[in-house]
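Enquirer: Throughout the sequence shown, residue numbering follows our numbering, covering 3 to 184 in sequence. Starting off with a structure, shown below.
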Amino acid sequence: MKAGAKLPDVTFHTRVRDEAVGGDNPFRWEDKTTADYFAGKRVVLFSLPGAFTPTCSTYQLPGFENGHGDFAAQGIDEIYCMSVNDSFVMNKWAEGQNLKNVKVIPDGSGEFTRKMGMLVDKDNLGFGMRSWRYAAIVTDGVVEAWFEEPGLMDNCPEDPYGVSSPETVLKHLVEAKTAEPA
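Below is the structure:
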């Protein structure tokens, strides 16, 4: 996936809070498409190997959450975190991380990740198929800038992190804005 590529059309099976459902678990299924998330918006999408994992929970997700205002100042409408986890896991992780700004997208079957060319086998960690770590700036469903960690491979013995960090993505946005003609 590179700049200029269109995101794949996928339907994501999400669970959304709905007080009308009542009871102890007031959630209902809601299908959302790639267009629902990306059409008409400029967003940051970042994907990671798994909810609740150390790097994702300690650095990457909190960095994007805490930097939300800085990203908004650079013209970003939304920040999305995606993982090859189901909606139940992603919602619980978002709750545990006290997310107010970043929205999670569950790619439970890995369909979007596979179509992005980023689905890797992580059997060496007992994970199964997961996403390689990356970030992208996406405008109206088209990749504007791409940030992929080096070493894309199945069963990678390491979990590289830096290229897709919030700091790197924000630096790119600031530099691109500075380079724009007045």
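By construction, the Cβ of each residue, glycine as well, lies at the ideal position given by its N, Cα and C atoms.
Just mark G112 as buried or exposed, buried being the case when its beta carbon has 16 or more other beta carbons within 10 Å.
Expert: Buried, because 16 or more other Cβ atoms sit within 10 Å of the Cβ of G112.
Enquirer: Quick check on this structure: which residue in L154, T170, V145 and E182 has the alpha carbon closest to the alpha carbon of R44?
Expert: Ranking L154, T170, V145 and E182 by Cα distance to R44 puts V145 first.
Enquirer: Could you check where the alpha helix (DSSP H) with M92 kicks off and where it finishes?
Expert: Counting along the chain, the alpha helix (DSSP H) containing M92 begins and ends at S89 to G98.
Enquirer: Tell whether a beta-carbon distance below 8 Å holds between L63 and R135.
Expert: No, the pair does not count as a contact, with Cβ atoms beyond the cut-off.
Enquirer: Taking the alpha-carbon of V106 as reference, which of K124, M120, N87 and R116 has the nearest alpha-carbon?
Expert: Taking only the C-alpha atoms, the option nearest V106 is N87.
Enquirer: As an exercise, report each continuous beta strand (DSSP E) stretch of at least 3 residues that is fully enclosed by the segment 24 to 72, in chain order.
Expert: Those beta strand (DSSP E) runs which fall completely within the segment 24 to 72 and span 3+ residues are 29 to 35 and 44 to 50.
Enquirer: Within 10 angstroms of the Cβ of F73, are there 16 or more other Cβ atoms? Answer buried if so, exposed if not.
Expert: So F73 ends up on the buried side.
Enquirer: What are the boundary residues of the beta strand (DSSP E) that K124 is part of?
Expert: K124 -> no beta strand (DSSP E), and no H or E assigned at all.
Enquirer: Would you mind reading off the limits of the beta strand (DSSP E) that contains E80?
Expert: From DSSP, the beta strand (DSSP E) with E80 extends over E80 to S85.
Enquirer: Considering only the alpha carbon of each residue, which of F90, L172 and L127 lies closest to G69?
Expert: For G69, the nearest C-alpha among the options comes from L172.
Enquirer: Excluding the five sequence neighbours on either side, which residues of its own chain have a C-beta within less than 8 Å of the C-beta of K4, listed in chain order?
Expert: The answer, listed in chain order, is V145 and W148.
Enquirer: Considering only the alpha carbon of each residue, which of P28, F114, Y82 and G25 lies closest to L9?
Expert: It is F114 whose Cα lies nearest to the Cα of L9.
Enquirer: Looking at V18: is its Cβ nearer than 8 Å to the Cβ of T36?
Expert: No, they are not a contact pair.
Enquirer: Taking the alpha carbon of N100 as the point to measure from, which residue in S59, F40, M118 and A75 has its own alpha carbon closest?
Expert: Nearest of S59, F40, M118 and A75 to N100, Cα basis: S59.
Enquirer: Beta strand (DSSP E) containing A138: first to last residue?
Expert: Here the beta strand (DSSP E) through A138 covers Y136 to T141.
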